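These notes are about the structure you will find just below.
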Amino acid sequence: MIRVLLVDDQALIRGGFRALLEIEDDIEVVAEAANGERGVALAAEHRPDVALVDVQMPVMDGIEATRLIAADPRLSGVHVVILTNYGLDEYVFNALRAGACGFMVKDTEPEDLVQGVRVAARGDALLSPAITRRLIGEYVARRPEPAPEGLDMLTKREREVTVLVARGLSNDEIAAHMVISPATAKTHVSRVLAKLHVRDRAQLVVFAYESGLVSPRRG
Numbered sequence: 001m002i003r004v005l006l007v008d009d010q011a012l013i014r015g016g017f018r019a020l021l022e023i024e025d026d027i028e029v030v031a032e033a034a035n036g037e038r039g040v041a042l043a044a045e046h047r048p049d050v051a052l053v054d055v056q057m058p059v060m061d062g063i064e065a066t067r068l069i070a071a072d073p074r075l076s077g078v079h080v081v082i083l084t085n086y087g088l089d090e091y092v093f094n095a096l097r098a099g100a101c102g103f104m105v106k107d108t109e110p111e112d113l114v115q116g117v118r119v120a121a122r123g124d125a126l127l128s129p130a131i132t133r134r135l136i137g138e139y140v141a142r143r144p145e146p147a148p149e150g151l152d153m154l155t156k157r158e159r160e161v162t163v164l165v166a167r168g169l170s171n172d173e174i175a176a177h178m179v180i181s182p183a184t185a186k187t188h189v190s191r192v193l194a195k196l197h198v199r200d201r202a203q204l205v206v207f208a209y210e211s212g213l214v215s216p217r218r219g
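Take the sequence shown: its letter number 27 is residue 27 in the UniProt record's numbering, and every next letter is one higher.
Here it is as structure tokens:
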């Protein structure tokens, strides 16, 4: 059973998402919160598999709530998915940097919402490669920042894996591209995450763009 926490200041949104999700036999909504502060508290109380978190809320916004959840080692199993009205904005990028595993627009189709929750619960990044390249590319172009440390610790093979993750490839697709087994591909990805001290694949995508390893033009 996939356990979900809903964090949104609009009761109508929460009610609609609950109704859509609880139709499914393998999904249960365990709690709801109307602001980020309450959402963090409920995440600690219920330890859900997935937290669907709105960006703009009173008391505490979704970005700060995501940062607090991601920073708490007790909540390492909570995968935050950011909810946005717009799809592409700085809030989404900041949320990814804070520790979110992906994002969805609020008017997504019901089947996409359900699939997104399942993808996030598995620990996979909920990111469309095309949207991710545009989102991160535009943000990095507007706000150049010092490259993050850690790139020099990666072997040539691990850099290749990082590029493929940033392009949106799954472990199976990475294995096919590199002519290795899926288990070996998974091991490479896990080793890269450990070396860079990043939480998940979404964080690795952000690192790949911020470090310059991948760019919107050649990524």
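In this text, a Cβ means the ideal position worked out from N, Cα and C, and glycines have one as well. Nothing here was measured: the structure is a model prediction, and the numbers come from that model.
Using a 10 Å radius around the Cβ and a threshold of 16 neighbouring Cβ atoms, would you call Val179 buried or exposed? Taking the first residue of the sequence shown as position 1, residue 179 is located at position 179. Exposed, since its Cβ has fewer than 16 Cβ neighbours within 10 Å.
Buried or exposed, going by whether 16 or more other CB atoms sit within 10 Å of the CB of Met104? Taking the sequence shown and counting its residues from 1, one reaches residue 104 at position 104. By the neighbour-count rule (16 or more Cβ atoms within 10 Å), Met104 is buried.
For Arg3, the residue or residues it bridges with in DSSP: Here residue 3 refers to the residue found at position 3 when the sequence shown is read from its first residue. Glu28.
Chain-order list of residues whose beta-carbon lies under 8 Å from that of Val117 (same chain, five-residue window excluded): Numbered from 1 along the sequence shown, position 117 holds the residue referred to as residue 117. Ile2, Val4, Leu21, Ile27, Val50, Leu52 and Val81.
Helix, strand or coil at Gly219 [DSSP, three-state]: For the purposes of this step, residue 219 is taken as the residue at position 219 of the sequence shown. With a pLDDT of 43 at Gly219, under the threshold of 50, the modelled position of that residue is not reliable, and no figure is offered here.
Closest by CA to Asp72, which one among Arg199, Val55 and Gly15? As a first step, residue 72 is located in the sequence shown; it is residue number 72 there, counting from the start. Looking only at Arg199, Val55 and Gly15, the smallest Cα-Cα distance to Asp72 is reached by Arg199.
So within the stretch 19-105, which uninterrupted beta strand (DSSP E) runs reach at least 3 residues, ignoring any that extend past its ends? 27-33, 50-54, 79-84 and 102-105
At which residues does the alpha helix (DSSP H) containing Leu154 begin and terminate? Taking the first residue of the sequence shown as position 1, residue 154 is located at position 154. Neither: Leu154 is in no alpha helix (DSSP H) and is coded neither H nor E.
In three-state DSSP terms, what is Ile174? In the sequence shown, residue 174 corresponds to position 174, counting from 1. Ile174 falls in the helix class under three-state DSSP.
Under the three-state reduction of DSSP, which class applies to Gln203: helix, strand or coil? Counting from one through the sequence shown, the residue named residue 203 turns up at place 203. Note: Gln203 maps to helix in three-state DSSP.
Measuring CB to CB, does Asp54 end up less than 8 Å from Val119? For this step, residue 54 is matched to residue 54 along the sequence shown. For this step, residue 119 is matched to residue 119 along the sequence shown. Not in contact: Asp54 and Val119 (Cβ atoms no closer than 8 Å).
To which residues of the same chain is Met60 closer than 7 Å at the C-beta, ignoring the five residues directly before and after it? Residue numbering aside, residue 60 sits at position 60 when the sequence shown is read from its first letter. Answer for Met60: Asn35, Gly36 and Glu37, listed in chain order.
Give the DSSP-derived three-state secondary structure of Asp107 in the structure shown. Here the question's residue 107 lines up with position 107 in the sequence shown. Coil at Asp107, not helix or strand.
Are there any heavy atoms of the ligand MN lying less than 7 Å away from the beta-carbon of Ile63, as far as the coordinates show? You won't find the ligand MN in this model; it holds no ligand whatsoever.
For Ser181, name the three-state secondary structure that DSSP assigns. As a position in the sequence shown, residue 181 is number 181, starting the count at 1. When secondary structure is reduced to three states using DSSP, Ser181 falls in the coil class, being assigned neither helix nor strand.
Can you say whether Gly39 is buried or exposed, counting buried as having 16 or more other CB atoms within 10 angstroms of its CB? On the sequence shown, position 39 is the one that residue 39 refers to. Burial call: buried.
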